[in-house]
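A short worksheet on the structure shown next.
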Amino acid sequence: MPPATAPPPQSTAAPPPTAEALRQISSLLADLLPSTLSVTSFAARWQVLRSKLGAVQTLAAEIRDSPHWSDNPLLPTLLPALLSTLRRTEILCHHCRGEAAGRGKLLMQSDLDMATGWLSKQINDLELLLRSGVLHHSTAIVLSRPNSASSKEELTFFVRDLFARLQIGGLEFKLKALDSLIQLLIEDSKSAMVVAREGDMRCLTSLLDSSGDDSVRELAVHAVSLLVAAGDLPRKCVFEEGALGPLLRIIECSSVQVKERAAMAVEFITADHDNAWAISAYGGVPVLIELCKSGSLIAQSYAVGAIRNVSVVEDIRAALAEEGAVPVLIDLLVSGNASAQGKSANCISILASTSEKIRKLLLQEKGLQKLVQLFHECPVAETVEHVLRAIYSFSDDEMSNRVLSESTMFIVQLADLIKLGKNIRLQHIAASLLAKLSISDRNKIVIAGCMGSLVRLMEAVKPDGVQEVAAKALTSLLSVKPNRKELVRDEKSLMRLAQMLDPRFEVLSKKSPVSVVAAIMAGGSHGCRKRLVAAGVHGHLQRLVEMDVVGAKKALQRLSGNRLTSLFSRTWRD
């Protein structure tokens, strides 16, 4: 016996026109509803059916009262199907009243249940259509998308109309509605917010199911990928309606382009840390790792981006190690496109900084060497930033620190990034590495040209911590005598340093410039002392000592090392 929700069999005769179908529905209900009152067999089932018939009568009246119901292209399919169900229900009513040949009890129960199921589905479709408000507009506009000049009301109506077609319409309606939805999201990303609020996300995500039509599913994947890329609200709505599981299944068995779009959607969904845990729940870790190994370059980039997103979850980090993600991530540093390389480096940085076990695995797989190689070769600033952060994560390891410290090429390239001054984030991480490494005196002299840039970096207010790391890197370079002399001969840097020490200049912390003065005077050079005093550093330090600034007293003591200082000090006060 077919299920109760299966569509009712249709007559082979041509369906009546929409207006005629609605008239016949109203006429049939006017006779059928009173007839059901006299049915005594299967009373409970007929009570349910009677309530369904009453709901249909109410909906038919609402449709008739809607000003433009006859223009809607969905009703020519919905109304004849409903009329067919009502006629079959009328036949069942006659059987139960004893007006026709008897039927078996079990067969009759099954037929009544199927009729109830059909009516429930058709009532739901009609309610959805009425609720969308499309019957109050003169035309359906699936092929006439709103533009930037359209009102919010027009956009809302358009979206409701699209989703009515997705839920009620047949294959052709679904395909056209999805195509229009995709074009809308491409042309106006802001429309995604209206789609998320006014559209039925459960309906959209249900189209991702593998049991549906392939062409519908492919368009649904495209629409979902655009939605989740458009903002937090659409992303949240799609995730909450269970899209992640179907998307991961689609990645396993779809065409290249569909895999890419599904992987894109997964990356955006997992960008929200509250969603990242679900990857493990759906068994997505091996799926993403396999896509990194065998997918297209575009799919690899999205897949490694999703892995990076979920690597912040401790339990998933363990799963990544167990599933063999480490060698795959390192391979992408060499074989992936620029986007995949950057995301892989970013993921390695997270893993290396949060898990000692994974850091050791990364080192065993020569991850540090691959990162340094990519740093030397990559022209993309964003990728370089991720690479340097990953390298920094390894610098706590004694052997890795030694390898990096002994590489003149690496040290010089860090200094060049600082001198270029085009990207303060790159300057920040490069200075952090210089401050952390044990650089040889010879290499410190080689990169002395970046000291002026480090002084300028000490004036930066953002990003947080940049002043401190710039000062630490600079004091490291000032541990060799030639560099101390070179810095004080740089009048611009010296004046900047003096200004940073001025108590009246309250924007910056005084701790960092004080440490630099102490480093300059660590060797007790008379020439350095003379230039610092002449720049007004002595007077500023005196005031900072009175303000109890950390390190100011020690720096002042080093600077006040002979009688010449007193002479210049008196001259400065006069």
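Plus 1399 on top of the position in the sequence shown (first one is 1) and you've got my numbering.
The beta-carbon is built from N, C-alpha and C at its ideal position, and this holds for glycine as well.
Predicted model only: the values in this text are computed from it and were never measured.
Residue i - containing alpha helix (DSSP H), residue span
i: S1614; result: 1613-1627
i: R1981; result: Lying before the first or after the last residue shown, residue 1981 is absent from the chain, which here runs from 1400 to 1973.
i: M1899; result: 1890-1900
i: R1559; result: 1551-1567
i: A1870; result: 1865-1876
i: D1464; result: 1442-1464
i: K1769; result: 1766-1776
i: Y1701; result: 1696-1709
i: S1437; result: Where S1437 is concerned, there is no enclosing alpha helix (DSSP H), given that its DSSP letter is neither H nor E.
i: A1724; result: 1724-1734
i: A1664; result: 1655-1669
i: A1917; result: 1910-1919
i: R1942; result: 1936-1945
i: K1635; result: 1631-1639
i: F1793; result: 1780-1793
Residue i classed as buried or exposed, judged by whether at least 16 other C-beta atoms fall within 10 angstroms
i: C1652; result: exposed
i: I1678; result: buried
i: Q1956; result: exposed
i: L1570; result: exposed
i: D1524; result: buried
i: L1735; result: First, the residue type needs correcting, since residue 1735 is Gly and not Leu in the sequence shown. Its Cβ being crowded by 16 or more others within 10 Å, G1735 is buried.
i: E1419; result: exposed
i: M1850; result: buried
i: E1890; result: exposed
i: Q1566; result: buried
i: V1541; result: The predicted model places V1541 with a pLDDT of 41, which falls under 50 and marks its position as unreliable; any figure quoted below should be read in that light. So V1541 ends up on the buried side.
i: A1576; result: buried
i: A1442; result: exposed
i: S1483; result: buried
i: G1864; result: exposed
i: I1919; result: buried
i: G1568; result: buried
i: L1428; result: buried
i: D1714; result: exposed
i: V1438; result: buried
i: S1792; result: buried
i: L1506; result: exposed
i: S1700; result: buried
Alpha carbon of residue i to alpha carbon of residue j, nearest angstrom
i: S1914; j: D1947; result: 14 Å
i: S1378; j: N1800; result: With the chain represented from 1400 up to 1973, any question about residue 1378 goes unanswered, as that position is not in the structure.
i: L1574; j: S1614; result: 8 Å
i: Q1521; j: G1503; result: 27 Å
i: A1982; j: S1959; result: Nothing can be reported for residue 1982, as the shown portion of the chain is limited to 1400 through 1973.
i: A1744; j: L1770; result: 7 Å
i: A1460; j: L1448; result: 19 Å
i: A1698; j: A1724; result: 16 Å
i: A1870; j: V1712; result: 34 Å
i: E1797; j: L1750; result: 18 Å
i: V1811; j: G1820; result: 15 Å
i: A1897; j: H1939; result: 8 Å
i: E1776; j: P1726; result: 20 Å
i: Q1456; j: R1463; result: 11 Å
i: L1584; j: V1627; result: 11 Å
i: A1539; j: V1620; result: Note that A1539 scores 44 on pLDDT, short of 50, meaning its location in the model is unreliable; the coordinates nonetheless yield the value given after this. Cα to Cα, the separation comes out at about 25 Å.
i: A1500; j: V1686; result: Below a pLDDT of 50, predicted positions are generally treated as unreliable, and A1500, at 49, falls in that range; no measurement from the model is reported.
i: V1868; j: K1742; result: 25 Å
i: D1840; j: I1757; result: 33 Å
i: D1430; j: R1486; result: 11 Å
i: T1417; j: L1481; result: 11 Å
i: Q1423; j: F1572; result: 26 Å
i: C1746; j: T1753; result: 11 Å
i: S1605; j: G1683; result: 19 Å
Assumed close pair residue i, residue j - CB separation to whole angstroms, cut-off 8 Å
i: L1473; j: L1528; result: 6 Å
i: L1554; j: S1590; result: 6 Å
i: Y1681; j: L1643; result: 6 Å
i: I1844; j: V1879; result: 6 Å
i: M1899; j: M1857; result: 6 Å
i: Q1740; j: L1773; result: 6 Å
i: V1932; j: V1916; result: Contact doesn't hold; Cβ gap of about 11 Å is too wide.
i: D1599; j: P1645; result: At roughly 16 Å, the Cβ-Cβ gap does not stay under 8 Å, so D1599 and P1645 are not in contact.
i: A1859; j: M1894; result: Contact flag wrong, Cβ pair sits at about 17 Å.
CB contact check: residue i to chain B, cutoff 8 Å
i: V1703; result: In the structure shown, chain B cannot be found, because there is only a single protein chain.
Exercise for the section: Examine the Cβ distances between the region 1653-1669 and the region 1716-1727 and report whether three or more of them are shorter than 8 Å. Expected result: no
Practice task
Indicate whether the contact test is met: 3 or more Cβ pairs, each with one atom in the region 1915-1929 and one in the region 1876-1884, closer than 8 Å.
Solution key: yes
Problem - Inter-stretch contact at 8 Å, needing at least 3 Cβ pairs: the region 1554-1571 / the region 1484-1492 - result: no
Problem - Stretch-stretch touch, CB-based, cutoff 8 Å, three pairs: the region 1631-1646 with the region 1595-1605 - result: Enough Cβ pairs lie closer than 8 Å, so yes.
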